[in-house]
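**Student:** Could you have a look at this structure, given as structure tokens, before my questions?
Number of protein chains: 2
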Amino acid sequence: MSGTGEDAVRGYITAWLTTDSAERTALLERCWADDGVYTDPRNEAVGRGALAALIAGFQQMQPGAHFVLTSGVDEHHRMLRFGWRMLDAQNQPQLEGFDIGELDDSGRLKRITGFFGPFPPVPTGWPEHLVRVG
Amino acid sequence: MSGTGEDAVRGYITAWLTTDSAERTALLERCWADDGVYTDPRNEAVGRGALAALIAGFQQMQPGAHFVLTSGVDEHHRMLRFGWRMLDAQNQPQLEGFDIGELDDSGRLKRITGFFGPFPPVPTGWPEHLVRVG
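Those sequence lines, one after another, are chains A and B. Heads up, the first sequence is in this note's numbering, so the first residue is 1 and it goes up one at a time. Heads up, the second sequence is in this note's numbering, so the first residue is 1 and it goes up one at a time.
Here it is in structure tokens:
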């Protein structure tokens with residue numbers, strides 16, 4: 001395919017929601033590069049097969065948990081961002097975060113880097129010129 | 001150097017605040033990889049010299065404009081994020097955003113990808129399974 005970042009993200013999130021293994025792999029073949037790298041603060045998956053296994057493990061560990069998008073897809077220079085929320089099987093919010101994606105020349109994701117929760121606070125003791133607001 | 005992501009980010013932001021060309025280059029030599037790539041929605045700079053020139057151009061176009069950090073540095077798998085605010089010479093806020101950084105093995109930034117403003121809203125008409133919240 002040679003789609004947009006939005007196409008790739010929609011396919012990618014749908015893969016996280018898809019419990020049928022063959023169907024999930026077919027989705028990832030369209031939106032995820034063969035050697036694509038997924039990381040978040042707790043996980044790393046190198047290659048499409050590793051990502052498929054990570055998703056399967058997530059679904060087994062937390063049955064019914066799922067993601068929804070909380071933003072559109074904002075893209076420049078083949079880099080993109082989007083926000084998401086993780087909900088449990090009872091639709092209670094469990095975690096919010098955002099992902100940064102990088103697209104390859106075919107429009108597939110070759111990297112997703114996830115960040116969880118709000119940004120950390122500014123540390124105390126940083127030099128004034130870095131944090132001065134007025 | 002082989003510093004932390006926080007060290008690199010502090011040096012990088014200080015470089016944006018440094019108007020002396022030699023001093024700025026010396027800072028970038030410590031925190032920015034030779035072939036590091038900077039992009040934001042409006043700009044691209046490939047290599048340390050190109051970044052130094054981009055910063056100099058910014059300072060000439062908007063004298064007295066400067067950045068402050070609005071968060072600490074959150075890092076995993078040599079990827080990091082931090083928030084910032086751009087202020088004009090009168091310390092009036094002009095723009096907020098965040099940067100995603102990638103560190104090389106020596107702890108220098110080999111990529112910064114900037115995003116401006118809030119995330120875009122969820123487009124209307126997306127499939128319900130992607131945006132359903134309850």
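Every residue, glycine too, gets a C-beta built ideally from N, C-alpha and C.
1. Beta carbon of B/F116: closer than 7 Å to some heavy atom of the ligand MG?
2. Is the shortest distance between the beta-carbon of B/V46 and the beta-carbons of chain A less than 8 Å?
3. Taking beta-carbon pairs under 8 Å, can you tell me which members of the segment 70-82 of chain B lie near chain A?
4. State the start and end residues of the unbroken alpha helix (DSSP H) segment that holds B/V131.
5. Against B/I55, what residues of chain A qualify as contacts under a CB-to-CB distance less than 7 Å, listed in chain order?
6. Determine which residues share a DSSP beta bridge with B/D40 and list them.
7. Between B/I100 and chain A, is any beta-carbon pair separated by less than 8 Å?
8. For B/L87, which residues of its own chain have a beta-carbon under 8 Å away from its beta-carbon, when the five flanking residues on both sides are left out?
9. Would you mind telling me which residues of chain B sit closer than 8 Å to A/T4, beta carbon to beta carbon, in chain order?
10. Please classify B/M1: is it buried, with 16 or more other beta-carbons within 10 angstroms of its beta-carbon, or exposed?
11. Over the uninterrupted alpha helix (DSSP H) stretch that includes B/R48, give me the two end residues.
12. CB A/V9 to CB A/G97, shorter than 8 Å?
13. Quick one: Cα of A/G3 to Cα of A/E29, how far?
14. Check each candidate in B/H129, B/Q60 and B/K110 and name the one with the smallest Cα separation from B/A20.
15. Buried or exposed: B/G5, going by 16 or more other Cβ atoms within 10 Å of its Cβ?
16. Using three-state DSSP, classify B/T70 as helix, strand or coil.
17. I'd like to know whether the C-beta atoms of A/G72 and B/P121 end up nearer to each other than 8 Å.
18. Just to check my reading of the structure: A/T162 and A/T39 have Cβ atoms closer than 8 Å, yes? What is that Cβ distance to the nearest angstrom?
**Tutor:** In short:
1. Although the ligand MG was asked about, the structure shown includes no ligands whatsoever.
2. Counted from its first residue, the second sequence places residue 46 of chain B at position 46. Chain A contact via Cβ: absent.
3. T70, S71, G72, V73, D74, H76, H77, M79, R81 and F82
4. As a working mapping, residue 131 of chain B is identified with position 131 in the second sequence. E128 to V131 is the span of the alpha helix (DSSP H), which, as asked, contains B/V131.
5. For the purposes of this step, residue 55 of chain B is identified with residue 55 of the second sequence, where counting begins at 1. Residues of chain A passing the Cβ test: none, with the nearest at roughly 15 Å.
6. As a first step, residue 40 of chain B must be located in the second sequence, where it is residue number 40. Looking at the DSSP assignment, B/D40 forms no beta bridge with any residue, so it has no partner.
7. Position 100 of the second sequence holds residue 100 of chain B. Yes, B/I100 lies at the interface with chain A (some Cβ there is under 8 Å from its Cβ).
8. Start at 1 with the first residue of the second sequence, and residue 87 of chain B comes out as number 87. Contacts found: A65, H66, F67, V68, P93 and Q94.
9. Counted from its first residue, the first sequence places residue 4 of chain A at position 4. Within 8 Å Cβ-Cβ: nothing; A/T4 doesn't reach chain B, min ~12 Å.
10. Numbered from its first residue, the second sequence carries residue 1 of chain B at position 1. Its pLDDT being 44, under 50, B/M1 is placed unreliably in this model, and the value from its coordinates should be taken loosely. By the 10 Å Cβ count, B/M1 comes out exposed.
11. For the purposes of this step, residue 48 of chain B is taken as residue 48 along the second sequence, with counting starting at 1. Unbroken alpha helix (DSSP H) run through B/R48: R48 to M61.
12. Indexing the first sequence from 1 puts residue 9 of chain A at position 9. Indexing the first sequence from 1 puts residue 97 of chain A at position 97. The answer is no: Cβ separation not under 8 Å.
13. As a first step, residue 3 of chain A must be located in the first sequence, where it is residue number 3. As a first step, residue 29 of chain A must be located in the first sequence, where it is residue number 29. Approximately 13 Å, taken between the alpha carbons.
14. For this step, residue 20 of chain B is matched to residue 20 along the second sequence. A small correction: the amino acid at residue 20 of chain B is Asp; Ala does not occupy that position in the sequence shown. Ranking B/H129, B/Q60 and B/K110 by Cα distance to B/D20 puts B/Q60 first.
15. In the second sequence, counting from the first residue as 1, residue 5 of chain B sits at position 5. Counting Cβ neighbours within 10 Å, B/G5 comes out buried, since at least 16 surround it.
16. Residue mapping note: residue 70 of chain B aligns to position 70 of the second sequence, counting from 1. Note: B/T70 maps to coil in three-state DSSP.
17. Residue mapping note: residue 72 of chain A aligns to position 72 of the first sequence, counting from 1. Residue mapping note: residue 121 of chain B aligns to position 121 of the second sequence, counting from 1. It is a contact, given that the beta carbons lie within the stated cut-off.
18. Here chain A has residues from 1 to 134 only, and residue 162 of chain A is not among them.
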